[in-house]
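Please read the structure below before turning to the comments.
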Amino acid sequence: MPPVIVAESVWVGFLIRYHRSEVTLRETFVRLLDRLSRNGDPTGRWSQKFWALRGVSLTAQPGDVIGIVGRNGSGKTTLLKTLAGIIQPDRGRVAVRGKVGCLMSFGVGFKTNLSGRENVFINGSILGLSQRQIRERLPQIIELSELGEFIDAPVRTYSSGMKGRLGFAIAVHLDPDVLLLDEVFGTGDAAFREKAGTILDQFRSRHKTVIFASHDMGMVKRMCNRAIWLDQGQVRLCGSSEEVARCYLQASAPAAAAKGK
Amino acid sequence: MSLVSPLTEVQSGEGALRRSLRELLARRETVWFLTISGLRAGHRDKILGNLWNLLDPLLFMLVYYFVFGVLFGMTGGARPARFMLYILTGVLMYRFIDSAITQSSTCIRANRGLIHEISFPKAVFPLSVVFARLYDFLWGLVVLAAFLLLAGIWPTIHFLWLPLVVALLVLLVLGLSLIVAYLGAFFADTTNVVTVVLRLLFYLSPVFYYVRERPGISRNHVFLAGYPTGRFCYFLNPFACLMESLRDAILWGTTPELGLTAYAAAVALVMCVAGFWIFCRGEGKFAKYV
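Chains C and S are the protein sequences, given in the same order.
First residue of the first sequence? That's 3 in my numbering, and the numbers climb one at a time after it.
First residue of the second sequence? That's 24 in my numbering, and the numbers climb one at a time after it.
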């Protein structure tokens, strides 16, 4: 079958800035003068390029559930964001077939002063659903998110678990061909994980593709057919989820893994 | 079926602008929805609520009338009511320009959460800002019309120029808003610069003084009356042209000075195209910088 996602040697770099987090016009002007005075040497003491992804390649078939594992800062989130089209690769190529739904670190995209219901409409609309489609799917979204009457409370009053469930419910009801999830099961309780697992199985049986980043190897082994281990922006291992999870656990805690044997 | 749909390249490059515009067109509803929710949220906590959108220009009109009409005696022989309406036209238009462009300068950063989480055409934010402020402006024009009738100034056939002038104004403001929103995404202090420039624009636009001789106004009170070169430079500001065109149509009841309107139309079209071009080509970088 033709692949749903093709990523070929993707490089993504960020500028690490030493002095302040925000770029300002004033600073840019000073920098320009500084650069002119040093005869156009572009790399200076202002910032440094950090490569979050160094030539990552990935192909996903319909029906694949792929887990991405790796330590903090290994590039999992950057990879998912690049696949989702949120970040553009500096080098390499990313192509996706069909509609992409993504859910990144929880609930940052919500407008905290508005109610959960209003946020469903805003997010749904930005994700490409029509008002009518959102209205039709609203009862299911509320049901899956288990928010009940809290759907009309401002999102700032929600717990992180509630925000996570709402975000997951919206992402799933977008009915994407490719679903990208970043650490979304971290905040949910056991019952919710169970439910989410069922939904991901449904996705797989309908030949949709799911890619998710997780630190929970149990989850990766149970739900994924393939897994990728990212290390410092590079693919260290790509294979069956069993194998990748085992190697990753061995490498990150050799002592514990040895004791387990 | 998803399998027959083509692989879509994620990154920018050839055709990025066209794809951006097509996606934007598909998000018409989003723009509409953000506009409405922005309007609703704007005055939710205030006692007088949306009434402020109408009260605010009226109060400023009174302030300017008091300062420039009474204290400085700049009415130029016009009746107080007419001078007040002259000011109100200018104030309404300037408020639209000022609020739309200022808010656009922060709209990308204000929505950084969404930008980090979802891929979509970011132009929905400046567009919805401009439309929300346009809504206020149009209500202001309704109030202005009521006051014109109260002052005994009846609409003439030249009133029909109004939609054209407003459309040109929207194109111009939209273009500038897109450019400012783009700069605001990369430079955190864009708003500071924009505020100062807009303040300068206020004084360089005929909000509370005359720049053209009109029936019933003494020539002594017309700014740059004897300086054709100065006048030419003054009207390089397209907002001044549009402000005068608007007044011709609804206050003075004549055909707008077509040279001014045509010049403003040309600038508006160029700005609008430039705005979309700059914004849509650069929006792919927002998530990394914001």
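C-beta atoms are modelled at their ideal positions from N, C-alpha and C, and glycine is treated no differently.
This structure is a prediction, so every number in the text was calculated from the model and none was measured.
Residues bridged to residue i (per DSSP)
| i | result |
| --- | --- |
| P156 (chain C) | C:S117 |
| L239 (chain C) | C:W231 |
| G69 (chain C) | C:F214 and C:A229 |
| F52 (chain C) | C:F16 |
| V313 (chain S) | DSSP lists no partner for V313 (chain S). |
| A62 (chain C) | C:I7 |
Contact list for residue i against chain C, beta-carbon separation under 7 Å
| i | result |
| --- | --- |
| L223 (chain S) | Simply none; closest approach about 17 Å. |
| T53 (chain S) | S127 and I128 |
| R307 (chain S) | Residue 307 (chain S) is actually Gly in this sequence, not Arg. Result: Q90. |
Nearest neighbour of residue i, chosen from the options [CA to CA]
| i | options | result |
| --- | --- | --- |
| P64 (chain C) | C:S243, C:A192 and C:D179 | C:D179 |
| L164 (chain S) | S:T112, S:A211, S:L137 and S:K145 | S:T112 |
| E245 (chain C) | C:S11, C:P141, C:R224 and C:R99 | C:R224 |
| Y226 (chain S) | S:V54, S:V152, S:I110 and S:E140 | S:I110 |
| W158 (chain S) | S:L40, S:R254 and S:R118 | A small fix is needed here, since residue 158 (chain S) is Tyr in this sequence, not Trp. Considering only alpha carbons, the answer is S:R118. |
| F194 (chain C) | C:I68, C:R167 and C:L81 | C:R167 |
| Q90 (chain C) | S:H139, S:T278 and S:G249 | S:H139 |
| G94 (chain C) | C:V67, C:S59, C:P156 and C:E185 | C:S59 |
| L237 (chain S) | S:V230, S:R254 and S:V245 | According to the sequence displayed, residue 237 (chain S) carries Arg and not Leu. Of the listed residues, the one whose Cα sits closest to R237 (chain S) is S:V245. |
| E46 (chain S) | C:C104, C:I70 and C:I128 | C:I128 |
| I141 (chain S) | C:I88, C:G150 and C:L232 | C:I88 |
| A62 (chain C) | C:R137, C:S147 and C:F214 | C:F214 |
| R75 (chain C) | C:L85, C:A54, C:V67 and C:F31 | In the sequence as presented, Arg is not what sits at residue 75 (chain C); that position holds Gly. Closest by alpha carbon: C:A54. |
| D271 (chain S) | S:G307, S:N215, S:L183 and S:G298 | S:L183 |
| T30 (chain C) | S:V193, S:F209, S:N215 and S:L247 | S:F209 |
| A168 (chain S) | S:K311, S:S151, S:I273 and S:C130 | S:I273 |
| L197 (chain S) | S:G99, S:G239, S:W300 and S:R132 | S:W300 |
| G103 (chain C) | C:S39, C:K83 and C:L181 | C:L181 |
| V230 (chain S) | S:F154, S:M84 and S:M294 | S:M84 |
| S128 (chain S) | S:P144, S:F143, S:D79 and S:P149 | S:P149 |
| L116 (chain C) | S:G175, S:S60 and S:L206 | S:S60 |
| G276 (chain S) | S:G100, S:E306, S:R105 and S:S228 | S:R105 |
Chain-ordered neighbours of residue i on chain S, where CB pairs are closer than 8 Å
| i | result |
| --- | --- |
| R28 (chain C) | D212 |
Proximity test, Cβ basis, 8 Å: residue i and chain C
| i | result |
| --- | --- |
| S60 (chain S) | yes |
| V152 (chain S) | no |
| F209 (chain S) | yes |
| L26 (chain S) | At L26 (chain S), the pLDDT of 41 sits below 50, so the modelled position is not reliable; the number obtained from the coordinates is stated separately. Yes, L26 (chain S) counts as interfacial toward chain C. |
| V216 (chain S) | yes |
| G96 (chain S) | no |
Minimum Cβ-Cβ distance from residue i to chain S less than 8 Å
| i | result |
| --- | --- |
| G262 (chain C) | Reliability fails at G262 (chain C), whose pLDDT of 48 lies under 50, so the model's placement of it is uncertain and the value that follows must be treated cautiously. Answer no: the Cβ-Cβ gap between G262 (chain C) and chain S never drops below 8 Å. |
| V246 (chain C) | no |
Endpoints, alpha helix (DSSP H) assigned at residue i
| i | result |
| --- | --- |
| R45 (chain S) | A39 to A49 |
| Q135 (chain C) | Q133 to S147 |
| D233 (chain C) | Careful: D233 (chain C) lies outside any alpha helix (DSSP H), inside the beta strand (DSSP E) at R228 to D233. |
| L176 (chain C) | Premise fails: L176 (chain C) is in no alpha helix (DSSP H) and is neither H nor E. |
| D203 (chain C) | A192 to S207 |
| A285 (chain S) | L281 to G305 |
| E244 (chain C) | S243 to S254 |
| V219 (chain S) | T213 to Y226 |
| L314 (chain S) | Because chain S is modelled from 24 through 313, residue 314 (chain S) falls outside the range shown and cannot be assessed. |
| I138 (chain S) | R135 to E140 |
| V32 (chain C) | L27 to S39 |
| G78 (chain C) | First, the residue type needs correcting, since residue 78 (chain C) is Lys and not Gly in the sequence shown. First-last of the alpha helix (DSSP H) with K78 (chain C): K78 to A86. |
| V247 (chain S) | The sequence shown places Leu at residue 247 (chain S), not Val. Segment: none, L247 (chain S) is in no alpha helix (DSSP H) and carries neither H nor E. |
| V147 (chain S) | V147 to L173 |
| V189 (chain S) | W184 to F209 |
| L269 (chain S) | P261 to R270 |
Chain-ordered neighbours of residue i on chain C, where CB pairs are closer than 9 Å
| i | result |
| --- | --- |
| Y312 (chain S) | L17 and V25 |
Within chain S, partners of residue i - CB distance below 9 Å
| i | result |
| --- | --- |
| S132 (chain C) | E52 |
| F123 (chain C) | F56 and S60 |
7 Å Cβ cut-off: residues of chain S touching residue i
| i | result |
| --- | --- |
| G111 (chain C) | G136, L137, E140 and I141 |
| M106 (chain C) | H139 and E140 |
| E120 (chain C) | S60 |
Endpoints, the beta strand (DSSP E) within which residue i is located
| i | result |
| --- | --- |
| V96 (chain C) | R93 to R99 |
| I18 (chain C) | I7 to R19 |
| V180 (chain C) | V180 to D184 |
| F231 (chain S) | Counting along the chain, F231 (chain S) falls outside any beta strand (DSSP E), and DSSP gives it neither H nor E. |
| G103 (chain C) | V102 to L105 |
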